[in-house]
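Numbering (my numbering), first residue to last: 26 to 433. Glycine is no exception: its CB is placed at the ideal position from the N, C-alpha and C atoms. Heads up, the thing below is written out as structure tokens.
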């Protein structure tokens, strides 16, 4: 009789290597050793040779164990599925596994299974999904070797002592072995969870370093872009200045070329004009010599005519000068009469003004005389009063001196 047993761990598979954002996280030696120790599940032979007894106590216990395991897996999956959306939103990034670490059931031996799919939720919550039906292996019980008493085997279990205690002992031994395997599986999964947490921390640190490096490079790129823009503007300005200077140099060269051409042209024209002037001067000199030699005899007559004309002109000039003198005399006389008339008018105006001033002065003097006479009269009256008072005091004093004996 063969007992169907669900194995929760692969028999000959090694722990996977995790690749997260460029990090290589491999299994630790302790986890490898624990996995090697937990990779073997003992199969216990049954002495009952009937394979169709489904209602036997052993089959019912195994079926109850299978139903319990499936119920626990379904409850764990439901707990993960019913987790709050907020935790689902904060789920860590997916974990990539190497393809060589995942053992395919078709490529391995019948006793080798693929690793159980693991889903990671928020805060490192692990939910183990139940393995598919294709990954459940059946362990067949082999009969003990000939000449060996199953009850006298020397293997000891961790719970009940010797394993050869009959059918119930073997079932209990099998269940205890499965329990130990599950405990080892839990321990391995805990180690994997710790390694995944450490890898996540390393990934977070690396992401922070990458972000800071990216921000620094972004700032450096912006500064470089600003400097590059400034240099480009300077290059454009210098290029424009160079173009302007090139244009100025070209214009200066053009002006120099024009100036040199004009200079050569003016030099040629001046040379031609000098030649023409020299030729004309020589021609005029020849003509003058010819005329002077031809009219040399007419010189005396011309001189006499000039003397006569000069005498007539002198007479006319003298007469004109006499007329000018007369006109100047008349003009002076007119000017003198005009000045006399103006002087008489000024004198009349001055006399009128002086008479008005005299009249005003007389009135002012008369008023001042009256005022001064009145003031003098008042002053004299005051002086007379003071004199009278002083005289009366002197008389009283003299009388006292004369009448009073011993008065000084």
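- Report the three-state DSSP secondary structure of residue 362 (helix, strand or coil). helix
- Secondary structure at residue 242, three-state DSSP: helix, strand or coil? helix
- Is DSSP giving residue 280 helix, strand or coil here? helix
- Query: Using the rule of at least 16 other Cβ atoms within 10 Å of the residue's Cβ for burial, across every protein chain shown, is residue 255 buried or exposed?
  - Reply: exposed
- Task: Let me know if residue 412 comes out buried or exposed under the rule of 16 or more other beta-carbons within 10 Å of its beta-carbon.
- Result: exposed
- Task: Quick one: grab the DSSP three-state call for residue 323.
- Result: coil
- Does the beta-carbon of residue 206 have 16 or more other beta-carbons within 10 angstroms, so that it is buried, or is it exposed? buried
- Message: Within 10 Å of its beta-carbon, does residue 195 have 16 or more other beta-carbons around it, so buried, or fewer, so exposed?
- Response: buried
- Task: Using the Cα positions of residue 321 and residue 314, report the straight-line distance between them to the nearest angstrom.
- Result: 10 Å
- Look up residue 293 in the DSSP assignment and say whether it is helix, strand or coil. helix
- Just the Cα atoms here: how many angstroms apart are residue 43 and residue 193? Its pLDDT being 43, under 50, residue 43 is placed unreliably in this model, and the value from its coordinates should be taken loosely. For residue 43 and residue 193, the distance between alpha carbons rounds to 43 Å.
- Query: Do you know how far the Cα of residue 264 is from the Cα of residue 277?
  - Reply: 19 Å
- Query: In angstroms, rounded to a whole number, what distance separates the CA positions of residue 191 and residue 220?
  - Reply: 43 Å
- Message: Measuring straight from C-alpha to C-alpha, what distance separates residue 364 and residue 374?
- Response: 15 Å
- Message: Using a Cβ-Cβ cutoff of less than 7 Å, which residues in the same chain neighbour residue 342 once the five nearest sequence positions on both sides are dropped?
- Response: none
- Message: Strictly under 8 Å for the Cβ-Cβ distance: is residue 390 near chain D by that measure?
- Response: Going by chain labels, chain D is absent from the structure shown, which holds only one protein chain.
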